[in-house]
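A short worksheet on the structure shown next.
Residue numbers (the numbering used here): 8 to 162.
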């Protein structure tokens with residue numbers, strides 16, 4: 008059946024079937040095959056994006072953001088946890104393989120991005136961010152203190 012003539016339900020079922028087949032085949036991959044596949048995909052994306060115009064890039068990023076947001080909105084709590092664990096594992100693996108120079112470049116890029124975002128935030132957003140960070144820090148310290156023997160600790 009031609010894809011253009013499929014109903015929305017048929018498209019959803021086809022995409023689900025394709026995603027399931029892809030997930031199953033990836034479960035059977037060796038780590039070397041996974042690395043090789045990711046490298047091929049990265050090279051193909053880089054080649055495609057190199058020829059993109061800035062307007063096309065902005066449009067693609069917007070589409071990708073919408074797609075990601077809608078997919079995450081439909082996730083169950085378990086799927087969210089699995090995605091976060093998978094992302095954390097992938098990030099840890101990538102960081103373990105990066106050189107000192109790459110680490111420096113990544114940290115510099117992140118610092119520049121953070122500074123840019125902070126320069127653009129309103130005073131209210133700054134307050135919200137600081138309160139959220141303070142709560143997170145307090146929560147972490149409470150958890151940390153409940154795990155250790157009752158000794159006096161200064162932070």
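All residues carry an ideal CB built from backbone N, CA and C; glycine is no exception.
Rounded to whole angstroms, the separation of the alpha carbons of residue 131 and residue 38 is 46 Å. Within the model, the alpha-carbon separation for residue 77 versus residue 70 is close to 11 Å. Residue 57 has its alpha-carbon roughly 28 Å from the corresponding atom of residue 95.
In this model, residue 128 and residue 30 are separated by some 40 Å (Cα to Cα). Every alpha helix (DSSP H) of 4 residues or more that sits fully in the region 27-95 is shown, in chain order, as 38-57, 61-80. Note on the region 84-148: whole alpha helix (DSSP H) runs with a minimum of 4 residues are 84-104, 107-127, in chain order.
Assignment of residue 13 by DSSP, reduced to helix, strand and coil, places it in the coil class. About 7 Å separates the CB atoms of residue 21 and residue 13; that is less than 8 Å, so the two are in contact. Straight-line spacing of the CA atoms in residue 122 and residue 145 works out to 24 Å. The C-alpha of residue 64 is placed about 23 Å away from the C-alpha of residue 118.
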